[in-house]
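Colleague: First the structure, which I've put down as structure tokens, then a few questions once you've had a look.
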Amino acid sequence: MNATCSFLTSNQWRHTCDGSNLLLYGVPACNCNGFSSRCFFDQSLYERSGHGGHCLDCTGNRDGPNCERCRENYYQREDNYCIACNCNEIGHSPMASLVLTDGSQLTSDSQHLGSRSLQCNSEGRCQCKPGVTGDKCDRCEINNYDFSEQGCKPCGCYQSGSQGNQPNCDPTSGTCQCKENVEGKQCGRCKPGFFNLDEENLFGCTPCFCYGHSSVCDSAPGYSRVAIESVFARSNERWTAEEYSGRTIALQFNGITQTIGASAPGREAVYFAAPDKFLGDQRASYNQELEFKLRIGESGPGATVEDVVLEGAGLSITQAIFGQGNPLPSGVTQKYKFRLHEHPDYGWQPRLSSRDFISVLTNLTAIKIRATYTPEGVGFLDDVKLETARRGAAGRQANWIEMCSCLKGYVGQFCESCAPGYRHEPANGGPFAP
């Protein structure tokens, strides 16, 4: 039988609503853990626990026969305070406003849409609906949008086409944030004039070169990733050395260290010049890397914007040795990497269009790496590698080689030839003809 501190029984409950007074009658206090002093006798609780005091009016957002737990939709912090979950569920606190990640606000009954219930876990985190995130389920997850009663919808952004390969979209429209050469609501296709949507490509897609005779191309089959290399294990591998003015000087080969070296006879800078295997048609090296190791014999190098030089198609493009995040040369052998791409972030001078940059690589006549940085200085070169692709070679597939759809009058994989019955006009075919 239950009563509110008012039932006189064999258990000696007296007429009182103050649980602390029960002690006056030899009855234990309410045992409300300090959150209430009022209770009633609960026979069922007495039979289960041996103590029949069921607490009333628990304070501190507490509940339970002994105020031992938090109320529904509250959770207990480490300091034992019970805090409201504030889970974002439809129908709760409808007049509040919610600021979304794009700065917009949801008000009225569009508030509290994101959680499955008002109850959270012991850490205050709510259980969210599909596509919803946040401790209170108050916003769409990355790559989700359209916050509603059903949760958020997946944007479906293509990773390979998304900026930084991190799929993300506008939380309202669902439009994905694409790489520079990619388009579409989901960043799923190359812009016109580009091809080969590729996760490894910072810009997403590669421009169609096609000697300027087409802007429509696709990936050519049958190409694999390879590298042109010089490791100087047995010889200088036909590398040469020359001064800035072009005068050839002596090149040293060290079979013990497997390096090549050059010394400046005077104040003029000396360069290592690559052999023929690195030259010619190297369009397959576009947006790939030129790597090498360099050591100098003196301190205090005077770097310039002409430390790494590429020449071809009547053009010359240059780069400072410390460009693209590379270190200044020192007496310690260091590794250098330069990406062959025209984007301003890569620092090649002068700035060229993608077509002009590829044109340089298509008829590459020189690769020069500065060897000396002080008058009468010395420099040592090792492990040169130019990333490229070759048809029929073993290795990973290379999808960045184009297969052009030529305009009328042109044929060939790159639209490099005249079709039967046609000829170049003018005779040399213009600036991008082979």
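For the sequence shown, the UniProt record's numbering gives the first residue as 1, with consecutive numbering after it.
Backbone N, C-alpha and C define an ideal beta-carbon position, used for all residues, glycine too.
1. Nearest to residue 435 by alpha carbon, out of Gly325, Thr372 and Cys190?
2. Only counting runs of 3 or more residues, tell me where the beta strand (DSSP E) segments fall wholly within the stretch 327 to 398, in order along the chain.
3. Is alanine 227 closer than 7 Å to arginine 401 when the C-beta atoms are compared?
4. In the DSSP assignment, the alpha helix (DSSP H) including leucine 45 goes from what residue to what residue?
5. What residue from Cys205, Arg139 and Asn86 has the CA that sits closest to cysteine 120's CA?
6. Keeping to the same chain, check which residues put their C-beta closer than 6 Å to that of glycine 174; ignore five residues upstream and five downstream.
7. Can you give me the Cβ contacts of glycine 377 inside the same chain, cut-off strictly under 7 Å, excluding the 5 residues immediately before and after it?
8. Near threonine 304, which residues of its chain fall below 7 Å by C-beta distance, leaving aside the five closest residues on each side in sequence?
9. Hey, out of Ser405, Ser215 and Glu237, whose CA is closest to serine 354's CA?
10. Do leucine 386 and serine 316 come within 7 Å of each other at the CB atom, strictly closer than that value?
11. Taking its Cβ as the centre, do 16 or more other Cβ atoms sit within 10 Å of glutamate 242, making it buried, or is it exposed?
12. Per DSSP, valine 132 is paired with what?
13. Roughly how many angstroms separate the alpha carbons of isoleucine 369 and tyrosine 271, rounded to a whole number?
14. Look up leucine 197 in the DSSP assignment and give the residues it is bridged to.
15. Less than 8 Å between C-beta atoms, sequence neighbours within five positions excluded: which residues of the same chain meet that for glutamine 397?
16. With H, G and I counted as helix, E and B as strand and the rest as coil, what does DSSP make of asparagine 165?
17. Judging by CA-CA distance, which residue of Arg267, Pro207, Thr257 and Gly379 is the nearest neighbour of alanine 273?
18. Leaving out the 5 sequence neighbours to the left and right, which residues in its chain are closer than 6 Å to proline 426 when beta-carbon positions are compared?
19. Can you list, in chain order, the stretches of the alpha helix (DSSP H) that have 4 or more residues and sit fully within the stretch 226 to 276?
Modeller: Short version:
1. It is not possible to answer for residue 435, since the shown part of the chain is limited to 1 through 434.
2. Within the stretch 327 to 398, the complete beta strand (DSSP E) runs of at least 3 residues are 334 to 339, 364 to 370 and 378 to 391.
3. The sequence shown places isoleucine at residue 401, rather than the arginine named in the question. Not a contact, by the Cβ cut-off of 7 Å.
4. Note, leucine 45: alpha helix (DSSP H), 43 to 49.
5. Answer by Cα proximity: Asn86.
6. Tyr145 and Cys155
7. Here the set comprises Ala264, Ile296, Gly297 and Glu298.
8. Ala320
9. The residue with the shortest Cα to Cα distance from serine 354 is Ser215.
10. no
11. buried
12. Residue pairing by DSSP puts valine 132 in a beta bridge opposite Cys140.
13. Going by the C-alpha atoms only, they are around 5 Å apart.
14. DSSP output for leucine 197 lists no bridge partner at all.
15. Tyr223, Ser224 and Arg225
16. helix
17. Per the Cα distances, Gly379.
18. none
19. none
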